[in-house]
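Peer 1: Sequence order for the protein chains is A and B.
The first sequence begins at 1 in our numbering and counts up one residue at a time.
The second sequence begins at 185 in our numbering and counts up one residue at a time.
Quick one: structure below, then a few questions.
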Amino acid sequence: MNPPEVHAHTLRVQALYVQHQNQLRSFLHSLVPDFATVDDLVQECFLTVSEKAPEFEMGSNFGAWVRSIARFKVLALQRDHARRPPMLAPEVLESLILSAPDPTPPEHENAALESLRQCLEKLAPAAREIVRMRYFSQWGPLEISRIRECSANAINVTLARSRDALRRCMDSQTASPEVTPSCS
Amino acid sequence: MKNERLSYLLHAHLDGMLSSEEQRELEQLLLHSAAARGQFWEETRIHHLLTLAEQQSPEILRPLAPLAAPSASDSLSESPLRALADPPEKRSGSYSFKTFWRNPFIAAAAGIVLSALGTSAVWAVATQRAAFRPHPLPLADEGFESGTPVPATGVPSRVGLWSGDFTRIVGAEKDIEPHSGKRMLRFLRADSERSAPGSVNYVSDVSQVIDLRPYRSEIAAGAQINLSAWFCSLPSPESMRFKFALKVATFRGALSEAPQLWDDAQHQSLSYSAKHADTLRESGRWQRVETVIPVSPDADFIVVVASAFRDRPTPTPGTVEFPGHYMDDLSVFLSPAPPQRFP
């Protein structure tokens with residue numbers, strides 16, 4: 001490719017990244033459940049994607065390609081003791097990444113989000129509020145427990161039960177996920 | 185068959201609550217069992233979707249009606265938040281827009297991408313109603329240049345002043361230069377003159393109240409508030425982790441009630457938003473933290489709070505002191521509800 005073609009190709013690859021970045025972010029969140037660190041990783045992935053864009057062949061699996069970049073970023077972070085949040089051991093991360101299901105195409109996520117919305121509405125208000133504090137306000141269980149004046153363990157239990165209930169609800173889309181918060 | 189112990193460990197992992205022993209146990213399970221790895225991805229699927237919702241469709245995680253509201257019938261229908269939380273049609277796109285652009289680098293890069301793509305770009309710029317020009321909201325001494333000490337008396341009950349926990353207005357110190365001007369705020373302690381003896385204090389706040397009533401006509405047209413501040417710190421011991429936060433909530437009521445309402449913000453606020461940031465390793469490097477909050481036409485005032493807090497070790501009774509954590513140049517803008525997104 002001549003320089004103008006490389007430039008145009010890079011722009012197309014960056015546009016693909018924009019389409020896939022939310023899926024990538026969620027993938028990273030499973031491995032590194034720290035919101036600020038994931039923000040950093042997403043930025044670093046974008047830089048690498050831009051740098052390596054000429055290597056990407058249009059029409060091949062972009063989601064898999066960007067995940068391979070993310071894999072290196074996660075493992076590099078794991079080695080960076082000064083910077084990393086609490087993380088799983090590198091060999092565990094490797095085995096998890098290798099076993100990860102294929103990325104869901106962005107267009108299929110919309111249906112899942114709609115299903116999630118319906119199931120969230122069935123949660124008890126207090127449980128739903130705790131889920132919202134965790135994911136929208138990005139507060140940790142300790143902070144949530146301080147605000148709601150209950151134990152962090154109660155918040156952990158509520159979050160775990162809520163996610164389980166949401167999963168069951170989404171699997172069935174018929175059952176009502178009744179979660180009684182451990183902390184109301 | 186689902187391994188319940190593994191399930192417990194996975195949830196603790198997702199919430200950053202694993203002890204060292206639990207982490208080792210989880211790692212062994214994941215390392216030596218394909219079924220455990222399968223369960224990992226199965227059980228993190230909802231976590232994945234919730235983080236995706238936060239990015240892509242935050243209205244799914246919209247604030248509930250105040251839980252203390254009458255009836256508490258699990259219904260939003262009577263909530264004062266209803267109009268805000270369940271707006272007509274394409275309001276959700278506005279949140280996506282906000283979230284998408286919150287990463288400045290990606291926003292810049294994507295801007296290049298999308299402009300290059302021309303008419304195929306998916307981001308349209310149309311507003312639902314007549315827009316007004318974004319403008320700052322009155323904030324007293326936003327850069328602390330007056331040198332006026334900040335009283336350690338908690339959230340203020342009137343406009344035009346900072347107050348909060350024990351802080352100090354300082355000039356350049358310990359190789360930290362103010363972000364702009366000659367002064368900045370240093371967080372000192374996570375308590376105030378009003379803190380109960382022996383209480384758990386690990387968050388140091390400074391706050392201000394802003395009256396929204398003069399802006400009712402603009403807010404009625406659909407508005408949001410963008411909040412940003414600059415934070416900086418000295419390196420912390422390896423055993424400790426500190427963070428910064430920017431928090432904002434809108435309320436109905438009298439300004440004098442602000443301290444009480446803020447104390448129960450999760451229940452009493454019309455809307456609430458917070459953004460956290462890890463402290464940077466590089467001593468003296470300023471980082472910008474920003475957040476945005478929708479504003480209900482009913483809102484009378486907002487409380488803005490900038491914080492430093494210790495994230496690790498886990499809080500214990502007593503007061504955390506901050507070895508070198510600074511804030512400067514907080515700004516608050518009122519702007520029209522953001523553009524909608526059209527496919």
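We treat Cβ as the ideally placed atom computed from N, Cα and C, and that holds for glycine.
Here the structure is a predicted model, which is why all the values come from computation and not from measurement.
Tell me the DSSP secondary structure of residue 329(B) in three-state form.
Peer 2: Counting from one through the second sequence, the residue named residue 329(B) turns up at place 145. The answer is coil: DSSP assigns residue 329(B) none of H, G, I, E or B.
Peer 1: For chain B, is any of its Cβ atoms less than 9 Å away from the one on residue 69(A)?
Peer 2: Residue 69(A) sits at position 69 when you count from the first residue of the first sequence. At least 9 Å separates the CB of residue 69(A) from every CB of chain B.
Peer 1: Counting only beta-carbon atoms, is residue 101(A) nearer than 9 Å to chain B?
Peer 2: Within the first sequence, numbered from 1, the residue matching residue 101(A) stands at position 101. Cβ-Cβ to chain B under 9 Å: yes for residue 101(A).
Peer 1: In terms of alpha-carbon separation, which member of 496(B), 486(B), 461(B) and 487(B) lies closest to residue 511(B)?
Peer 2: As a working note, residue 511(B) is residue 327 in the second sequence. The option with the nearest alpha carbon to residue 511(B) is 461(B).
Peer 1: Anyone know if the C-beta pair for residue 409(B) and residue 393(B) falls short of 9 Å?
Peer 2: For the purposes of this step, residue 409(B) is taken as residue 225 along the second sequence, with counting starting at 1. For the purposes of this step, residue 393(B) is taken as residue 209 along the second sequence, with counting starting at 1. Contact: no.
Peer 1: Hey, would you say residue 473(B) sits closer than 9 Å to residue 459(B), going by beta carbons?
Peer 2: Numbered from 1 along the second sequence, position 289 holds the residue referred to as residue 473(B). Numbered from 1 along the second sequence, position 275 holds the residue referred to as residue 459(B). Using a Cβ distance threshold of 9 Å, residue 473(B) and residue 459(B) count as a contacting pair.
Peer 1: Along the stretch 194-212 of chain B, where does the CB come closer than 8 Å to a CB of chain A? Name the residues.
Peer 2: 195, 196, 197, 198, 199, 200, 201, 202, 207, 210 and 211
Peer 1: Closer than 7 Å by C-beta to residue 443(B): which residues in its own chain qualify, once you throw out the five before and the five after it? Chain order, please.
Peer 2: As a first step, residue 443(B) is located in the second sequence; it is residue number 259 there, counting from the start. Closer than 7 Å at Cβ, skipping near neighbours: 338, 339 and 341.
Peer 1: Taking beta-carbon pairs under 7 Å, can you tell me which members of the stretch 86-98 of chain A lie near chain B?
Peer 2: 86, 88, 89, 91, 92, 95 and 96
Peer 1: Give a yes or no on whether the C-beta atoms belonging to residue 515(B) and residue 407(B) are separated by under 9 Å.
Peer 2: On the second sequence, position 331 is the one that residue 515(B) refers to. On the second sequence, position 223 is the one that residue 407(B) refers to. Going by beta carbons, residue 515(B) and residue 407(B) fall outside the 9 Å limit.
Peer 1: Between which two residues does the beta strand (DSSP E) harbouring residue 351(B) extend?
Peer 2: Reading the second sequence from its first residue, position 167 is the one you call residue 351(B). From DSSP, the beta strand (DSSP E) with residue 351(B) extends over 351-354.
Peer 1: What's the gap between the Cα of residue 212(B) and the Cα of residue 113(A)?
Peer 2: Reading the second sequence from its first residue, position 28 is the one you call residue 212(B). Reading the first sequence from its first residue, position 113 is the one you call residue 113(A). Distance between the alpha carbons of residue 212(B) and residue 113(A) is about 33 Å.
Peer 1: CB residue 19(A) to CB residue 53(A), shorter than 9 Å?
Peer 2: Walking along the first sequence from the start, residue 19(A) turns up at place 19. Walking along the first sequence from the start, residue 53(A) turns up at place 53. No. Outside cutoff.
Peer 1: Residues of chain A with CB under 7 Å from residue 230(B), in chain order?
Peer 2: Start at 1 with the first residue of the second sequence, and residue 230(B) comes out as number 46. What residue 230(B) touches in chain A: 163, 166 and 167.
Peer 1: Using three-state DSSP, classify residue 511(B) as helix, strand or coil.
Peer 2: Counting from one through the second sequence, the residue named residue 511(B) turns up at place 327. DSSP places residue 511(B) within a strand segment (E or B) once states are collapsed to three.
Peer 1: At the level of alpha carbons, what is the spacing between residue 43(A) and residue 71(A)?
Peer 2: Residue 43(A) sits at position 43 when you count from the first residue of the first sequence. Residue 71(A) sits at position 71 when you count from the first residue of the first sequence. Rounded to the nearest angstrom, the two C-alpha atoms are 14 Å apart.
Peer 1: Residue 385(B) bridges to which residues according to DSSP?
Peer 2: Taking the second sequence and counting its residues from 1, one reaches residue 385(B) at position 201. Answer is 503(B).
Peer 1: Which residue's Cα is closest to the Cα of residue 95(A): 51(A), 129(A), 122(A) and 74(A)?
Peer 2: Locating residue 95(A) in the first sequence gives position 95, counting from the first residue. The candidate whose alpha carbon is nearest that of residue 95(A) is 74(A).
Peer 1: Please name the residue or residues paired with residue 78(A) in a DSSP beta bridge.
Peer 2: Position 78 of the first sequence, counting from 1, holds the residue named residue 78(A). Looking at the DSSP assignment, residue 78(A) forms no beta bridge with any residue, so it has no partner.
Peer 1: Let me know the secondary structure DSSP gives residue 92(A) once reduced to three states.
Peer 2: Position 92 of the first sequence holds residue 92(A). Residue 92(A) falls in the helix class under three-state DSSP.
Peer 1: Would residue 161(A) and residue 229(B) be called neighbours here (beta carbons separated by less than 9 Å)?
Peer 2: Looking up residue 161(A) in the first sequence gives position 161. Looking up residue 229(B) in the second sequence gives position 45. Residue 229(B) sits away from residue 161(A), with the two beta carbons spaced by 9 Å or more.
Peer 1: Is there a C-beta anywhere in chain A that falls below 9 Å from the one on residue 474(B)?
Peer 2: Residue numbering aside, residue 474(B) sits at position 290 when the second sequence is read from its first letter. For residue 474(B), the answer is no, since every Cβ of chain A falls outside 9 Å of its Cβ.
Peer 1: Anything in chain B within Cβ reach of residue 138(A), meaning under 9 Å, just list it in chain order.
Peer 2: For this step, residue 138(A) is matched to residue 138 along the first sequence. 238, 458, 459 and 460, listed in chain order.
Peer 1: Would a check of beta-carbon distances place residue 215(B) closer than 9 Å to chain A?
Peer 2: Counting from 1 along the second sequence, the entry for residue 215(B) is found at position 31. With 9 Å as the cut-off, residue 215(B) counts as an interface residue toward chain A.
Peer 1: So with Cβ pairs under 9 Å, would you call residue 2(A) a contact of chain B?
Peer 2: The count along the first sequence starts at 1 and reaches residue 2(A) at position 2. For residue 2(A), the answer is no, since every Cβ of chain B falls outside 9 Å of its Cβ.
Peer 1: Chain A partners of residue 221(B), CB-CB under 7 Å?
Peer 2: To locate residue 221(B), count along the second sequence from 1; it is residue 37. Here the neighbours are 95, 96 and 99.
Peer 1: Going along the chain, which residues of its own chain have a beta-carbon closer than 8 Å to the beta-carbon of residue 440(B), five neighbours each way excluded?
Peer 2: Numbered from its first residue, the second sequence carries residue 440(B) at position 256. Close CB contacts of residue 440(B) within its chain, under the 8 Å cut and outside five residues either way in sequence, are with 341 and 342 (chain order).
Peer 1: So with CB distances below 7 Å, who are the chain A contacts of residue 224(B)?
Peer 2: Indexing the second sequence from 1 puts residue 224(B) at position 40. Those are 96, listed as they occur along chain A.
Peer 1: Does DSSP put residue 438(B) in a helix, a strand or coil?
Peer 2: Along the second sequence, one-based indexing puts residue 438(B) at 254. Three-state DSSP puts residue 438(B) in coil, outside helix and strand.
Peer 1: To the nearest angstrom, how far is it from the Cα of residue 320(B) to the Cα of residue 399(B)?
Peer 2: Taking the first residue of the second sequence as 1, we reach residue 320(B) at position 136. Taking the first residue of the second sequence as 1, we reach residue 399(B) at position 215. Each residue's alpha carbon lies about 11 Å from the other.
Peer 1: Closest to residue 365(B) by CA distance: which of 328(B), 471(B), 486(B) and 196(B) is it?
Peer 2: In the second sequence, residue 365(B) corresponds to position 181, counting from 1. Answer by Cα proximity: 328(B).
Peer 1: Could you check which residue in 493(B), 189(B) and 236(B) has the C-alpha nearest to that of residue 22(A)?
Peer 2: Counting from 1 along the first sequence, the entry for residue 22(A) is found at position 22. Checking every option, the nearest Cα to that of residue 22(A) belongs to 236(B).
Peer 1: For the alpha helix (DSSP H) containing residue 19(A), list its first residue and its last residue.
Peer 2: For this step, residue 19(A) is matched to residue 19 along the first sequence. First-last of the alpha helix (DSSP H) with residue 19(A): 3-31.
Peer 1: Just to check my reading of the structure: residue 165(A) and residue 225(B) have Cβ atoms closer than 8 Å, yes? What is that Cβ distance to the nearest angstrom?
Peer 2: Here the question's residue 165(A) lines up with position 165 in the first sequence. Here the question's residue 225(B) lines up with position 41 in the second sequence. About 19 Å separates the two Cβ atoms, so there is no contact after all.
Peer 1: Would the beta-carbon of residue 223(B) fall within 9 Å of that of residue 190(B)?
Peer 2: Indexing the second sequence from 1 puts residue 223(B) at position 39. Indexing the second sequence from 1 puts residue 190(B) at position 6. Result yes, Cβ atoms of residue 223(B) and residue 190(B) sit closer than 9 Å.
Peer 1: Taking 9 Å as the cut-off, decide whether the C-beta atoms of residue 356(B) and residue 348(B) are in contact.
Peer 2: The sequence position of residue 356(B) within the second sequence is 172, counting from 1. The sequence position of residue 348(B) within the second sequence is 164, counting from 1. Not in contact: residue 356(B) and residue 348(B) (Cβ atoms no closer than 9 Å).
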